[in-house]
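This note's numbering numbers the first residue of the sequence shown as 95 and each following residue consecutively.
Every residue gets a Cβ at the ideal spot worked out from N, C-alpha and C, and that includes glycine.
Quick caveat: nothing in here was measured; it's all calculated off a predicted structure.
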Amino acid sequence: MADNTGIPNRVSGKRIEIIVPCYNEEQCIEAFFDETSKVLDCLEGYTYSFLYINDGSKDSTLSKIKSLVDRYGDDKVKYISFARNFGKEAAIYAGFENSIGDYVALMDADLQHPPTLLPQMIEKIEGGHDCCGARRISRKGEPVIRSFFSKAFYRIINNITAMNLVQGGSDYRMMTKQMVKAIVSLSERERFIKGIMSWVGFDTVWISYENVERYAGTTKWSFMGLIRYAWHGFISFATTPLRAVVWLGFIVVLSSVIYGIRLAYMSLAGIRPWQDTTTILMLLVFFSGVVICILGIIGEYMARIYLELKGRPIYISKETNIQAES
Ligand code: UDP
Ligand code: MG
């Protein structure tokens, strides 16, 4: 299947499609295309194409993509351009939904996902796996605080949900058409793709790579953005917080009963008078906090139900060069 260069050369006639979500990536579009094409051109017996999802970029990302279309043609370079920024999750969905490749790979536009891994990924899929994911084994160049929270997130989410997210597992994956179809069939609005890819099952194998810094531009993630992302992942797949709150309520009620008994005993024994405004005030504040916490979490789930019921489209495409099937 592969010669000693590690490049699969079996004449399979399979089509490889690279899905690239882009948001303000004008400095990366060309370099990404050149680097990735260089690797894919070495594969014999495969055809390949790119599907760029312009996620409402405010810079010249779209015109950079269009100039690639002009140079290489509609068959090699496809794009969908969103009406505004819908977020990476929506861009991924749009890419998967419109993909036509036999093997579909998801890659960031900033070259942080080394294209040199693609031949190895193809080899793994040809070897019978449904999906091959890339896993960062180092976090070189990443802020320490981000690494810390990221590791903690994986540990917590794997412990309390049915998901098994691999530490350092990135969105950089190649998968079969069948797996892509399964992912698209989950039509939930609030998407957490890492969880969905784990949830649909299929056989995923991981290959490792060293962290690479962005080719140009800046990350689209602020620290608060990442916290929101982690919380979103958590709420999308875990019902544990809801249950944990019930337990918390139970423990609080139990301790308040014990505390009340203690106060009653102390007042009966004449150690301390029953009327203790400080205690009441403290209890009042404490219970108010608990109630707000419970309401907050229930509200979070209700918000999800509300969004699902509304049935909003996941994205609104403004233009595309994909011909509608007649
Ligand atoms: N991205 C996107 N929509 C967004 C934010 C990011 O399509 O709202 C794309 C971005 O252009 C890049 C990929 O998602 O191709 C990963 O983003 P980024 O490099 O900023 O994330 P990081 O690598 O820092 O986690
Ligand atoms: Mg990046």
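Worksheet item: When burial is assigned at 16 or more other CB atoms within 10 Å of the CB, is Asn118 buried or exposed?
Response: Residue 118 sits at position 24 when you count from the first residue of the sequence shown. Result: buried.
Item to complete: Taking only the alpha-carbon atoms, compute the straight-line gap between Tyr353 and Pro237 and give it to the nearest angstrom.
Response: Translated into positions along the sequence shown, residue 353 becomes position 259. Translated into positions along the sequence shown, residue 237 becomes position 143. If I take the Cα positions, the gap works out to 46 Å.
Worksheet entry | Same chain, Cβ closer than 8 Å to Asp503, neighbours up to 5 away in sequence not counted | Since the first residue shown for the chain is 95 and the last is 420, residue 503 is missing from the structure and cannot be characterised.
Worksheet item: Between Val181 and the ligand UDP, is the CB less than 6 Å from at least one heavy atom?
Response: Working through the sequence shown from its first residue, we reach residue 181 at position 87. One detail in the question is off: residue 181 reads as Gly in this sequence, not Val. Indeed, a heavy atom of the ligand UDP lies less than 6 Å from the Cβ.
Worksheet item: In chain order, what residues of the same chain lie with their CB nearer than 7 Å to the CB of Tyr248, ignoring the 5 residues before and after it?
Response: What you label residue 248 is simply residue 154 of the sequence shown in a count that begins at 1. These residues qualify, in order along the chain: Leu259, Gln261.
Discussion item. By alpha-carbon positions, which one of Ile186, Leu378, Val351 ends up nearest to Cys116?
Written reply: In the sequence shown, residue 116 corresponds to position 22, counting from 1. If we check each option's Cα against that of Cys116, Ile186 comes out closest.
Discussion item. Below 8 Å on the Cβ atoms is my contact criterion, and I expect Thr130 with Pro209 to pass it. Report the Cβ-Cβ distance as a whole number of Å.
Written reply: As a working mapping, residue 130 is identified with position 36 in the sequence shown. As a working mapping, residue 209 is identified with position 115 in the sequence shown. Their Cβ separation, rounded to whole angstroms, is 4 Å, which keeps Thr130 and Pro209 in contact under 8 Å.
Worksheet item: Under the criterion of a Cβ to heavy atom distance below 6 Å, does Arg308 qualify as lining the ligand MG?
Response: Here residue 308 refers to the residue found at position 214 when the sequence shown is read from its first residue. Under cutoff, so the answer is yes.
Fill in: Per DSSP, the bridge partner or partners of Thr371
In the sequence shown, the residue the question calls residue 371 occupies position 277. Answer is none; Thr371 lacks a bridge partner.
Practice prompt. Let me know the secondary structure DSSP gives Thr255 once reduced to three states.
Written response: Here residue 255 corresponds to residue number 161 of the sequence shown, with the count starting at 1. The answer is coil: DSSP assigns Thr255 none of H, G, I, E or B.
Worksheet item: Closest by CA to Ser350, which one among Glu402, Ser279, Phe380, Phe127?
Response: Here residue 350 corresponds to residue number 256 of the sequence shown, with the count starting at 1. Closest by alpha carbon: Phe380.
Fill in: Nearest-angstrom Cα separation, counted from Ile374 out to Thr313
Here the question's residue 313 lines up with position 219 in the sequence shown. Here the question's residue 374 lines up with position 280 in the sequence shown. About 50 Å.
Worksheet item: Should the segment 204-219 be called in touch with the segment 305-322, which here means at least 3 C-beta pairs below 8 Å?
Response: yes
Discussion item. Less than 6 Å separating the Cβ of Gln206 from some heavy atom of the ligand MG?
Written reply: Numbered from 1 along the sequence shown, position 112 holds the residue referred to as residue 206. Indeed, a heavy atom of the ligand MG lies less than 6 Å from the Cβ.
Item to complete: Taking only heavy atoms of the ligand MG into account, decide whether any of them is closer than 6 Å to the Cβ of Asp202.
Response: Residue mapping note: residue 202 aligns to position 108 of the sequence shown, counting from 1. Result yes, Cβ under 6 Å from the ligand MG.
Item to complete: Go through its chain and collect everything with a Cβ distance to Phe127's Cβ below 6 Å, but skip five positions before and after it.
Response: Residue 127 sits at position 33 when you count from the first residue of the sequence shown. These residues qualify, in order along the chain: Leu162.
Worksheet item: In this structure, does DSSP put Asp196 in helix, strand or coil?
Response: Residue numbering aside, residue 196 sits at position 102 when the sequence shown is read from its first letter. Asp196: coil per DSSP, three-state reduction.
Item to complete: Would you decide whether Ser232 is buried or exposed? Buried here means 16 or more other CB atoms lie within 10 Å of its CB.
Response: Looking up residue 232 in the sequence shown gives position 138. By the neighbour-count rule (16 or more Cβ atoms within 10 Å), Ser232 is not buried but exposed.
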